[in-house]
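Presented below is the structure to which this report refers.
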Amino acid sequence: MPKTLLLISPPVLFGQRWWANRIANKPHLASLAGHVRDLARVHTLELDLVAGEALGGLLAAVDEAVAALGGAKEIGLVGISCWTSLHYLGAIAVARRVRELLGDVPIVVGGHHATAMPGDFDHATCDWLVRNDGEAPLRRLCSEWPARPAAMQIIEGGVFDQSNPDGIDWANYGRKGERAGALWVGTSRGCAFQCHFCVEPERGASYSRYSVEAQLDILERLVATHAPRVIAFSDPLFGANRRWLEGFLDGVERRALPLLFWCETRADIMSREILERFKRCHFMVDFGLDTASETMAARMQKAAQPRTYLERARETFEQANAIGLHHGIYIVFNFPGEAPETVRETQAWLESLAAAPGPMAGWLSCQTFFMLPGTPAWTRMATNAQLYGTEVAHPDWWRREGDHYALATAVLPSAAWRGREHELGAFQSWNQAINALWSSRYTPEVMAFRTRFYVG
Ligand code: B12
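In the numbering used here, each residue's number is its place in the sequence shown (first place is 1) plus 47.
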């Protein structure tokens with residue numbers, strides 16, 4: 048009889064204003080579980096579905112799961128996912144409870160926060176800390192079921208090799224049927240860009256993806272077994288390789304997969320042809336534009352040539368509007384170095400997208416910068432303070448008990464805002480006005496697509 052692996056997504060304890068209940072699936076846990084199902088009985092416990100629930104009740108759910116699974120006699124390993132920094136305090140609370148309940152059963156911790164901040168864990172809360180992708184290390188642990196080591200060990204997981212689609216048990220992947228709704232799947236791992244607000248630069252340029260035909264086969268199988276309405280791609284940069292993307296979209300059309308799709312990509316790597324194919328394949332595409340100020344594009348390291356970047360992005364949005372491809376544009380205001388003038392530059396650029404009459408198909412989502420460990424913005428805090436006068440009020444916000452959104456966003460982007468701090472959030476009402484204008488110009492076709500996408 049194989050042993051049991053208990054995989055836990057810890058609660059988000061202080062994210063009430065941040066954490067929306069919108070994670071339909073967890074591709075990270077589905078992938079980890081799918082890679083070891085032949086070696087272990089896997090049980091997944093999600094404690095982060097709603098933010099701000101009382102800790103006592105959440106820990107009682109751990110007690111119940113442990114008892115139902117047969118306790119230390121059956122459970123060979125507990126995996127705790129410290130996926131974002133918002134999970135950190137919950138991860139520690141859960142790890143302590145597991146230690147109390149299960150004594151010598153080892154704990155493995157992984158996730159983006161654990162990767163960035165391994166020093167946030169010690170032997171009291173963790174036996175193995177996996178940095179980066181967890182599939183291969185977890186498989187090793189579930190093959191050998193080792194006893195607890197004498198001290199916490201760090202394992203480098205690298206980038207999961209997606210050359211073999213059979214590495215994941217797709218038949219039992221994530222959630223099925225009605226509960227699947229939007230099913231999250233990753234066609235690739237890694238991203239070669241170096242944006243300063245992202246953790247990818249720390250991972251290096253390693254990249255791995257399924258071949259076009261393997262990916263299409265996976266989707267066809269998921270349609271048969273899971274009946275999802277939407278496939279959401281978890282790739283950090285969907286379609287980074289043009290040849291792959293063209294082949295994939297051709298295949299989706301050829302196989303007439305009965306699905307809607309969502310992905311996140313860059314506006315400067317598109318072409319009219321690709322946008323038209325996205326439309327024919329029923330995609331909603333989100334573009335991380337992040338800024339429309341050349342100065343800020345350089346400060347964020349968003350593009351080597353900010354002017355060309357913005358020229359290409361403009362073409363993309365104009366074409367997407369013209370052909371009725373529903374898309375999102377994501378902006379991060381108040382990144383270190385931002386000044387009132389650069390905010391206005393971005394706003395004027397976005398306003399000009401609606402200057403000519405004609406249909407619109409975009410939705411604008413603006414957020415204020417928040418500090419995340421493991422990103423270049425975090426490692427460059429001292430440099431940014433020197434260059435721009437950036438002040439980060441709570442650089443270790445995830446360790447504090449308080450409103451995490453307020454703590455993480457308490458950043459003065461540059462000295463130019465001193466005395467004008469109240470203006471840092473003014474982009475929010477501007478963002479609403481833009482969406483009211485753009486959405487008043489949606490065609491009936493775009494409206495119908497939105498309803499199919501969000502409601503079914
Ligand atoms: C897709 C994505 C999303 C999707 C959700 C996907 C999902 N999982 O449900 C959306 C767009 C909804 C999203 C939202 C947010 N996201 Co996000 N997201 C990503 C992205 C691009 C890919 C994540 C992914 O699913 N990858 C594929 C899966 C298979 O792998 P994975 O997540 O990388 O997990 C692997 C490892 O972490 C590890 N691992 C994870 N858990 C465990 C547990 C164990 C035991 C082990 C051994 C290993 C392990 O193994 C996993 C499999 O290889 C990453 C950036 C990136 N480049 O990876 C950011 C990222 C994870 N997001 C991030 C953040 C902050 C958020 C938000 C909080 C941001 C916001 N604007 O508010 C919200 C959360 C809101 C919410 N309620 O979900 C940050 C986290 C950084 C941090 N220190 O906190 C990242 C890293 C982006 C960044 N800035 O660099 N996100």
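The C-beta atom is built at its ideal place from N, Cα and C for all residues, glycine as well.
Limits of the unbroken beta strand (DSSP E) element including residue i
i      : result
Asp337 : Phe330 to Asp337
Leu419 : Where Leu419 is concerned, there is no enclosing beta strand (DSSP E), given that its DSSP letter is neither H nor E.
His374 : His374 to Phe380
Cys310 : Leu307 to Thr312
Thr15  : Shown here, the chain extends from 48 to 503; a query on residue 15 therefore has no answer.
Ile278 : Val277 to Phe280
Range covered by the alpha helix (DSSP H) that runs through residue i
i      : result
Phe538 : Absent from the model: residue 538. The displayed extent of the chain is 48 to 503, so no value can be given.
Ala274 : No alpha helix (DSSP H) contains Ala274, which DSSP labels as neither H nor E.
Trp477 : Phe474 to Ser486
Ala239 : Taken as a continuous stretch (DSSP letters only), Ala239 belongs to no alpha helix (DSSP H), as it is neither H nor E.
Met317 : Unbroken run through Met317: none, as it is neither H nor E.
Ala495 : Pro491 to Tyr501
Glu522 : Outside the displayed range of the chain (48 to 503) lies residue 522, so it cannot be described from this structure.
Cys245 : Neither: Cys245 is in no alpha helix (DSSP H) and is coded neither H nor E.
Arg195 : It is not in any alpha helix (DSSP H) - Arg195 carries neither H nor E in the DSSP assignment.
Residues bridged to residue i (per DSSP)
i      : result
Val177 : Ile202
Gln414 : Val379
Arg256 : Ser235
Ala67  : Its beta-bridge partners do not exist; DSSP assigns none.
Glu438 : Leu459
Ala229 : Val277
Ile122 : Thr51
Pairwise C-alpha distance: residue j and residue i
i      : j      : result
Gln352 : Ala360 : 12 Å
Phe61  : Leu94  : 13 Å
Ile378 : Phe334 : 9 Å
Gly286 : Val390 : 29 Å
Asp450 : His134 : 13 Å
Gly157 : Ala455 : 22 Å
Glu182 : Glu260 : 22 Å
His469 : Asp151 : 52 Å
Ser56  : Ala107 : 14 Å
Ser258 : Leu284 : 16 Å
Phe417 : Asp174 : 30 Å
Phe244 : Gly233 : 21 Å
Val155 : Leu176 : 6 Å
Arg289 : Glu121 : 48 Å
Ser487 : Trp66  : 29 Å
Gly409 : Gly371 : 9 Å
Cys129 : Glu249 : 17 Å
Gln200 : Asp167 : 13 Å
Ala495 : Phe308 : 15 Å
Gly421 : Arg301 : 41 Å
Trp291 : Val299 : 12 Å
Ala314 : Ala142 : 41 Å
Pro165 : Gln394 : 39 Å
Gln414 : Phe380 : 6 Å
Arg195 : Ala163 : 23 Å
Phe280 : Leu76  : 15 Å
Ala198 : Ser190 : 21 Å
Spatially closest choice to residue i from the options, by CA coordinates
i      : options                           : result
Gly237 : Gln209, Val379, Gln262 and Leu292 : Gln209
Glu392 : Ala115, Gly251, Val439 and Thr338 : Thr338
Ser132 : Ala402, Leu304 and His160         : His160
Thr355 : Arg446, Glu341 and Thr51          : Glu341
Pro383 : Ala271, Cys242 and Leu263         : Cys242
Gly293 : Asp264, Phe325, Arg268 and Val270 : The sequence shown places Glu at residue 293, rather than the Gly named in the question. Answer by Cα proximity: Phe325.
Asp443 : Leu434, Val458 and Gly233         : Val458
Thr172 : Val125, Pro193 and Thr363         : Val125
Glu438 : Pro423, Arg446 and Pro460         : Pro460
Glu505 : Thr363, Ile481 and Arg346         : Because residue 505 is not part of the residues shown, which for the chain are 48 to 503, the question remains open.
Asn179 : Ile215, Arg143 and Gly251         : Gly251
Met347 : Leu76, Ala87 and Pro423           : Pro423
Leu266 : Met343, Gln433, Asp216 and Phe240 : Asp216
Glu532 : Arg187, Pro193 and His373         : Nothing in the structure corresponds to residue 532, since the chain is present only between 48 and 503.
Gly214 : Leu471, Leu79, Met428 and Ala386  : Leu79
Ala367 : Glu311, Cys328, Arg319 and Asn72  : Arg319
Arg268 : Ser412, Lys223, Gly503 and His75  : Lys223
Val89  : Arg276, Pro404, Leu52 and Gly118  : Leu52
Beta carbon proximity, residue i to chain E, threshold 8 Å
i      : result
Ala495 : Of the protein chains in this structure there is only one, and it is not chain E.
| query | For the segment 125 to 158, which segments carrying the beta strand (DSSP E) assignment without a break, of at least 3 residues, lie completely within its bounds, in sequence order? | reply | The segment 125 to 158 contains these whole beta strand (DSSP E) runs: 154 to 157.
| query | Can you list the alpha helix (DSSP H) stretches of 4 or more residues lying completely in the segment 78 to 115, in chain order? | reply | For the segment 78 to 115, whole alpha helix (DSSP H) runs of length 4 or above, ordered along the chain, are 102 to 115.
| beta strand (DSSP E) segments (min. 3 residues) lying fully within the segment 340 to 409 | Counting only unbroken stretches of 3 or more residues, the beta strand (DSSP E) elements lying wholly within the segment 340 to 409 are 374 to 380, in sequence order.
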